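Written out below as C-alpha cells is the structure these notes cover.
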Amino acid sequence: MIAEMRTTAVLVLLVSGAPAQGDQSGAGSPNDWPDRDQYLALEIGSAPGILPRLFPKQKLQSGQAMIAGVNNPFAVHAGLETFKRGGTAADAVLTTALAQISLNAGATVSYAGILTAVYYDANSGKVYSLNAAWNTPRYETDPLSIPAPGTASGRTALVPGFMAGVQALHERFGKRPFAELFEPAIWLAGHGFPLPPWVADSSRRQRKSLERLEETRRVFQNQDGTYYDEGELFRQPQLADTLRQIANEGAQYIYRGKWAHDFVDAVQREGGKITLDDMASYRALWSEPSHATYHGYEVTSLGLPGLGGLETLGSLLLAESGNVSKRGDYLHSTETLYALIQIAKIEAALSIASEDHLRMLFPGLDLAPASRLSPATTKHIAAILRNRNWFTNALKGIPAPAPNHSSNVVAVDEQGNVAALLHSCNCELWGTTGIFVDGISIPDPAAVQQAVISRTEPGGRLPDPTNPVIVLKDKRPVLAASAIGRGLQEVMLQNLINVLDLGMDPQVAVNRPNFLGVFTGINANGSSQPQLTKEVLDYGFPDSVIKGLKKRGQDIYVGPNAGAQSGYWIGIQIDPKSRALSGGATRRLNSFVEGY
C-alpha cells in the first residue's frame, strides 16, 4: 500500500556507508528490504509539529493484515515485514515500537520507559490487558521533594517497565524468535540513518542537559565536539551493542544483568533512590481489562492499576446516559460539543485529583476505582454535570496534565489477532537530566509526578493515563485504537464516537478537528500558567459553535499546538463480515498506515 500513500517526492536517501562492526543480517534485518532507503527517506518529517504528507483522501484499506503507527514510517514498515514472515500482531507492534525508539534517538520514547497494551487473542476469543508502567523506588520516602524539570537529579528516574512489557507480550502471544524483533532497531542503531532535522535541532536546544555528562555527549557529538547535523549518518553503536545483549539474553539483562548495575550506579551517583532490588523485582502485570457496553459495542481498555482505561470508558458511559450522540455531530452542534467537553473534564478530574480533594468536591460519590464504571456512579456524575458551572470551583487545585511524549502502534494480523500498544517516557525531549546508560536515554518522569508518587505505595506501580482500546461487536473485534499526547483522552473519545456512532472510516474520523483538553500552553502575556477552565479547540469548528460554547460559559482557546498541546490518534477498523481492514492515523504527525 505504500505506493498509494506517497503524496510527495522522496526528499532524502540513505547516505551510503559501511555497516558498523559486528552488524549481522538476520531474518528481520532491513538489509533484506528492496525499498529500505525509501522508507528511511520518509522519516524526514517524523517530528512533533510537522504536518505529514503521507495520506491521500481515499481510504486506506487492505484485506489480510494492517499496521498503523504515530511517526516513523520505517518502523511501521518493520512491523509489516514481521507479518510477512508469519509474525503475529504482538510480534509486529513490538518490532515497530523497538524501532521507533532507535529512530527517535531516545528523545520522545525510551527503552527505559513504559509500555501498556490490550490484545485480542483469536484462539481464545478474549481481550488481555498488559501493564508495564513505572514502579516507584522503595526507598523514595519524600517524593514531594523530588526536583522539578530543569534540575539534574537521579531522583527523577523511576523503575522502567518497557522491556519487561516487550518480553511479557512476546512470551504470551508472539510467534517469531524474540531476538528477531530487535533486528530493525539494532540495524538502525548500528548502521545508522540520516538524522532528521527535528532531532538535530532538538539536540542543540537541549544542549544544557545533553552536554552535562560525557557518555551523553558521545551520543550526539562528533569527535570534534560538533553536533551531528540533519542528514548526516547518525549511528548509535553503544545502543546497538546493548540491544544485541537484550535480544540474546532477554529482558533479564535490563533488570538483573550488566545494564541494571550500570543504570543503578548512574542514577545513584546523581542522588537517585533506585536499587538493584527495585530492578530485579519488577514484573509486567496482566490484569482484567476494563470494559463497558456502549451502544451495543463492548469497549475494552486497560485494567487496574491504570486509570486511563477507566477514564475513557467512563466518558463513553456518560455520553450514552446523556444521549449525547443524538444531539447531533459535535463538529456542528454546540450542545453536543459542550456536553463532551464537560464529560472529559470531570473524568479527568476523577483520574488526576487526590481522593481527599475529590471527597470535598463530590461528596457522596463512590471514589473506588472498581465502582468507576457502575451504573450508580455514572448516574451520580451525570447529575453533577447538569450544573453547567460545576467546574468553576471544582477544577481549582487539580494539577494540569503532565508532559507525555509517547508513541503508539496498532495492528491486525492474518489470523485475526489484534493489538493496541502505547509506550512513553512521560517527559520532555530526553528529560532534563541528560543521563544515558549504555546508549539508552533515561527519562525523568518523577519530575512531574511528585503528587502521584506520594499517593502510591513505595515500590508500587504508578497509575497511568494510557488508554489503548479494542472494541468488540458480538464478541468479535471491530476496532483497535490508541492515542497519545496531552489530549489523548479527548481525541480517543471523539474518534470512538466518529467511528462507532457516526459510521466514519478511521482516516475520515481522525482528519476532523478536535477539542483537546484544558489549556496548559502559553498565555497572551507569555506566561505558562495553566487555565483549567479554558478549553483548547483545533481550527475548523464553525464560529457559531464557538460562540455557543462561550454563551454557555465555556472559555475557549482556538489554535494548534497551544504550548505543544495536542492529541494523536490511530485506529484500524475491521469489517466483521468481510474482514476488510480500514486504517487511519493522525495528520498532525508523520504517521503511517500500511497493509496487504
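Just so you know, we're using this note's numbering here: the sequence shown kicks off at 999 and counts up by one.
For each residue, glycine too, the CB sits at the ideal point set by N, CA and C.
Predicted, not measured: the structure shown is a model, and the values here were computed from it.
As a quick exercise: from Asn1133, Asp1503, Ala1177, Ser1422, pick the residue whose alpha carbon is nearest that of Ala1249.
The residue given as residue 1249 occupies position 251 in the sequence shown. Checking every option, the nearest Cα to that of Ala1249 belongs to Ala1177.
Just grab the DSSP bridge partners of Ile1606 for me.
Residue 1606 lies beyond the residue range present for the chain, which begins at 999 and ends at 1594; the question has no answer from this structure.
Contact the stretch 1432 to 1447 vs the stretch 1405 to 1420: 3+ CB pairs below 8 Å
No, the stretch 1432 to 1447 does not touch the stretch 1405 to 1420.
Enclosing beta strand (DSSP E) for Pro1475 [first to last residue]
If you number the sequence shown from 1, residue 1475 lands on position 477. Counting along the chain, the beta strand (DSSP E) containing Pro1475 begins and ends at 1474 to 1482.
On a CA-only basis, which of Ser1285, Ala1105, Asp1260, Thr1310 is nearest Leu1208? Give me that one, please.
Indexing the sequence shown from 1 puts residue 1208 at position 210. Ranking the options by Cα distance to Leu1208, first place goes to Ala1105.
Mind checking Tyr1280: buried by the 16 CB within 10 Å criterion, or exposed?
The sequence position of residue 1280 within the sequence shown is 282, counting from 1. Burial check for Tyr1280: the Cβ neighbour count within 10 Å reaches 16 or more, so the residue is buried.
Tyr1253: first and last residue of the uninterrupted alpha helix (DSSP H) it sits in:
One-based indexing of the sequence shown puts residue 1253 at position 255. Note, Tyr1253: alpha helix (DSSP H), 1250 to 1253.
Please classify Ala1001 as buried or exposed, where buried requires at least 16 neighbouring CB atoms within 10 angstroms.
Position 3 of the sequence shown, counting from 1, holds the residue named residue 1001. Since pLDDT at Ala1001 reaches only 30, below the 50 mark, its modelled position is unreliable, and no value is offered.
Endpoints, beta strand (DSSP E) assigned at Val1469
On the sequence shown, position 471 is the one that residue 1469 refers to. 1467 to 1471 is the span of the beta strand (DSSP E), which, as asked, contains Val1469.
Please name the residue, chosen from Phe1513, Glu1592, Lys1545, Ser1580, that lies closest to Gly1565 on a Cα-to-Cα basis.
On the sequence shown, residue 1565 is found 567 positions in, with the first residue counted as 1. Of Phe1513, Glu1592, Lys1545, Ser1580, the residue nearest in Cα terms is Phe1513.
Pair every Cβ in the stretch 1568 to 1580 with every Cβ in the stretch 1408 to 1418, then say whether three or more of these pairs are closer than 8 Å.
Yes: the two stretches touch, three or more of their Cβ pairs being nearer than 8 Å.
Might you give, ordered along the chain, the residues of its own chain that have their beta carbon closer than 8 Å to the beta carbon of Pro1574, omitting 5 neighbours on each side?
For the purposes of this step, residue 1574 is taken as the residue at position 576 of the sequence shown. Excluding residues within five positions, the ones whose Cβ falls inside 8 Å are Lys1471, Asp1472, Arg1474, Val1476.
Which runs of the beta strand (DSSP E) fall wholly inside the stretch 1368 to 1449 and span at least 3 residues, in chain order?
1404 to 1410, 1416 to 1422
When burial is assigned at 16 or more other CB atoms within 10 Å of the CB, is Gly1067 buried or exposed?
Translated into the one-based positions of the sequence shown, residue 1067 becomes position 69. The residue is buried, with at least 16 neighbouring Cβ atoms inside 10 Å.
From Pro1373 to Leu1547, what distance separates their C-alpha atoms?
Within the sequence shown, the letter at position 375 stands for residue 1373. Within the sequence shown, the letter at position 549 stands for residue 1547. The straight-line gap from Cα to Cα measures roughly 29 Å.
I'd like to confirm the pairing. Which residues does DSSP put opposite Lys1124 in its beta bridges?
Position 126 of the sequence shown, counting from 1, holds the residue named residue 1124. Lys1124 is bridged to Asp1119.
From what residue to what residue does the beta strand (DSSP E) around Tyr1037 run?
Counting from 1 along the sequence shown, the entry for residue 1037 is found at position 39. Counting along the chain, Tyr1037 falls outside any beta strand (DSSP E), though it belongs to the alpha helix (DSSP H) covering 1034 to 1039.
Starting from Ser1285 and walking both ways along the beta strand (DSSP E), at which residues does that stretch end?
Sequence index remark: in the sequence shown, residue 1285 carries index 287 (1-based). 1283 to 1285 is the span of the beta strand (DSSP E), which, as asked, contains Ser1285.
Once the 5 residues before and after Ala1507 are set aside, which same chain residues still bring their CB inside 7 Å of it?
For the purposes of this step, residue 1507 is taken as the residue at position 509 of the sequence shown. These residues qualify, in order along the chain: Asn1493, Asn1496, Val1497, Gly1582.
Does the distance from the C-beta atom of Leu1038 to that of Phe1218 stay below 9 Å?
The residue labelled residue 1038 in the question sits at position 40 within the sequence shown. The residue labelled residue 1218 in the question sits at position 220 within the sequence shown. No, the pair does not count as a contact, with Cβ atoms beyond the cut-off.
Going by the beta-carbon positions, is the gap between Met1490 and Val1469 smaller than 9 Å?
As a working mapping, residue 1490 is identified with position 492 in the sequence shown. As a working mapping, residue 1469 is identified with position 471 in the sequence shown. It is not a contact, given that the beta carbons lie outside the stated cut-off.
Nearest-angstrom Cα distance between Asn1406 and Gln1221?
Stepping through the sequence shown from its first residue, residue 1406 is reached at position 408. Stepping through the sequence shown from its first residue, residue 1221 is reached at position 223. The straight-line gap from Cα to Cα measures roughly 34 Å.
Per DSSP, what kind of secondary structure is Gly1569 in: helix, strand or coil?
Counted from its first residue, the sequence shown places residue 1569 at position 571. In the structure shown, Gly1569 sits in a strand (DSSP, three-state: E or B).
What do you reckon, are the CB atoms on Arg1577 and Gly1152 nearer than 9 Å?
If you number the sequence shown from 1, residue 1577 lands on position 579. If you number the sequence shown from 1, residue 1152 lands on position 154. The answer is no: Cβ separation not under 9 Å.
Contacts around Met1064, its chain only, beta-carbon distance under 6 Å, and the 5 residues preceding and following it disregarded:
To locate residue 1064, count along the sequence shown from 1; it is residue 66. Counting only Cβ-Cβ distances below 6 Å, and skipping sequence neighbours, we find Val1410, Ile1570, Leu1579, Gly1581, Gly1593.
Please report how far the alpha carbon of Phe1232 lies from the alpha carbon of Ile1184, in whole angstroms.
Reading the sequence shown from its first residue, position 234 is the one you call residue 1232. Reading the sequence shown from its first residue, position 186 is the one you call residue 1184. Each residue's alpha carbon lies about 13 Å from the other.
I believe Val1197 touches Ala1073 by the beta-carbon criterion, under 8 Å. Please report the beta-carbon distance rounded to the nearest angstrom.
What you label residue 1197 is simply residue 199 of the sequence shown in a count that begins at 1. What you label residue 1073 is simply residue 75 of the sequence shown in a count that begins at 1. That belief does not hold up - the Cβ atoms of Val1197 and Ala1073 are roughly 14 Å apart, past 8 Å.
Can you have a look at Gly1294 and say buried or exposed, based on whether 16 or more other CB atoms are within 10 angstroms of its CB?
Within the sequence shown, the letter at position 296 stands for residue 1294. The residue in question, Gly1294, is exposed, as its Cβ has fewer than 16 Cβ neighbours within 10 Å.
Which term fits Met1358, buried or exposed, when burial requires 16 or more other beta carbons within 10 angstroms of its beta carbon?
Working through the sequence shown from its first residue, we reach residue 1358 at position 360. Its Cβ having fewer than 16 others within 10 Å, Met1358 is exposed.
6 Å Cβ shell around Pro1141 - same chain, five flanking residues per side excluded
Taking the first residue of the sequence shown as 1, we reach residue 1141 at position 143. Here the set comprises Gln1448, Ile1451, Ser1452.
Look at the alpha carbon of Glu1296 and the alpha carbon of Ile1244, and state the distance between them as a whole number of angstroms.
Position 298 of the sequence shown, counted from the start, is the residue given in the question as residue 1296. Position 246 of the sequence shown, counted from the start, is the residue given in the question as residue 1244. Near 37 Å, if we compare the C-alpha coordinates of Ile1244 and Glu1296.
How would you call His1259, buried or exposed, if buried means at least 16 neighbouring beta carbons within 10 angstroms?
Residue mapping note: residue 1259 aligns to position 261 of the sequence shown, counting from 1. His1259 should be labelled exposed.
Ordered along the chain, which non-local residues of its own chain (more than five positions away) have a Cβ less than 7 Å from that of Gln1552?
On the sequence shown, residue 1552 is found 554 positions in, with the first residue counted as 1. Here the set comprises Tyr1336, Ile1339, Glu1533.
Buried or exposed: which applies to Ala1366, given that a residue is buried once 16 or more other Cβ atoms fall within 10 Å of its Cβ?
Walking along the sequence shown from the start, residue 1366 turns up at place 368. Counting Cβ neighbours within 10 Å, Ala1366 comes out exposed, since fewer than 16 surround it.
Do you know offhand how far Trp1428's Cα is from Arg1384's?
Walking along the sequence shown from the start, residue 1428 turns up at place 430. Walking along the sequence shown from the start, residue 1384 turns up at place 386. Each residue's alpha carbon lies about 43 Å from the other.
Straight-line Cα distance separating Gln1165 from Val1181:
On the sequence shown, position 183 is the one that residue 1181 refers to. On the sequence shown, position 167 is the one that residue 1165 refers to. Sequence inspection shows Glu at residue 1181; the Val mentioned does not correspond to that position. Roughly 15 Å between the two C-alpha positions.
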